[in-house]
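J.: So for the sequence shown, this note's numbering puts the first residue at 526; every next one is plus one. Built from N, CA and C at the ideal position, the CB exists for glycine as well. Following this message is one structure expressed as structure tokens.
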Amino acid sequence: MKWLSANFADRMDHEQLRHCEVYARRRQLIEDTILYPERTLFLTDEESEEYSIAERKMSEAITETFACSASGARPSFA
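Encoded structure:
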């Protein structure tokens with residue numbers, strides 16, 4: 526799902542594209558933090574706040590991203 530906006534941008538309107546890009550950015554931040562927890566020691570205040578928001582809003586971002594795919598931008602998850 527992280528690549529939905531890159532692979533199907535031509536089938537999305539501006540709002541759908543924005544939702545998918547927000548999801549991808551937040552998901553990458555969470556993955557990076559899980560894979561490299563030592564990096565959390567060096568986060569700036571802004572990065573720390575962004576991570577906190579990403580954790581709180583991930584469920585909403587997933588729902589919005591699935592809505593994008595259901596509206597015609599259908600990726601293959603195989």
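Within the chosen definition, does the segment 578-591 reach the segment 543-550 through at least 3 CB pairs nearer than 8 Å?
T.: yes
J.: Near A579, what residues of its chain come up, given a Cβ to Cβ distance below 7 Å and the 5 sequence neighbours on each side ignored?
T.: On the sequence shown, position 54 is the one that residue 579 refers to. The answer, listed in chain order, is R551, L554, I555.
J.: What first and last residue would you give for the alpha helix (DSSP H) that runs through T558?
T.: Taking the first residue of the sequence shown as position 1, residue 558 is located at position 33. Counting along the chain, the alpha helix (DSSP H) containing T558 begins and ends at 539-560.
J.: Excluding five sequence neighbours on each side, which residues of the same chain lie with their C-beta closer than 6 Å to the C-beta of R564?
T.: Position 39 of the sequence shown, counted from the first residue, corresponds to residue 564. Beyond the five residues adjoining it in sequence on each side, R564 comes within less than 6 Å, by CB distance, of no other residue in the same chain.
J.: Whose CA, out of Q541, Y576, F533, lies closest to the CA of I559?
T.: On the sequence shown, residue 559 is found 34 positions in, with the first residue counted as 1. The shortest Cα separation from I559 among Q541, Y576, F533 belongs to Y576.
J.: If I measure Cβ to Cβ from D557 and keep anything under 8 Å in the same chain, skipping five residues before and after, which residues do I get?
T.: Along the sequence shown, read from residue 1 onward, the residue named residue 557 stands at position 32. So the qualifying residues of the chain are R564.
J.: Please return the same chain residues whose Cβ sits closer than 7 Å to the Cβ of P562, not counting the five positions on each side in sequence.
T.: In the sequence shown, the residue the question calls residue 562 occupies position 37. In its own chain, leaving out the 5 sequence neighbours on each side, no residue places its CB closer than 7 Å to the CB of P562.
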